[in-house]
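Structure, as structure tokens:
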Amino acid sequence: MNFRYVLAHLEDIKAAEPERMERMRKQIYVMLDEIKREAPYQPVEEAMERQKEDCDMTDEPDQLLGAIAILKKRKDAMIKEYHKTFENYQEW
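When we follow my numbering, the leftmost residue of the sequence shown carries the number 78, and every step to the right adds one.
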């Protein structure tokens, strides 16, 4: 976007921030739910639910954006790590 455009529409951009943050939270929830689905272990489910609670309490858009970036980058690796960690503990 052009800097002049941003300055001219700054108030509109600020007013839309809560909606943007809610959309980012929904993206995060989808990825956390996918991790829970792919690694169906109780400790993983509890950890993902805690992450959702932390997400709900975040009021900084940069933190939500960072969480999205990390989840996109690490989601598959996290699932593999969870499987590796918990495959020997299926008797839980």
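Every residue gets a Cβ at the ideal spot worked out from N, C-alpha and C, and that includes glycine.
Keep in mind it's a predicted model, so treat the numbers as computed, not measured.
- The criterion of a C-beta distance shorter than 8 Å is not satisfied by residue 121 and residue 129.
- Residue 87 sits exposed, since fewer than 16 C-beta atoms from the chains shown fall within 10 Å of its C-beta.
- The shortest C-alpha to C-alpha distance from residue 148 to any of 163, 81, 107 is the one to 107.
- One Cα belongs to residue 125, the other to residue 110, and the distance between them is close to 7 Å.
- Within the stretch 81-109, the complete alpha helix (DSSP H) runs of at least 4 residues fall at 87-92.
- Classified as exposed, residue 84 has fewer than 16 neighbouring CB atoms from the shown chains inside 10 Å of its CB.
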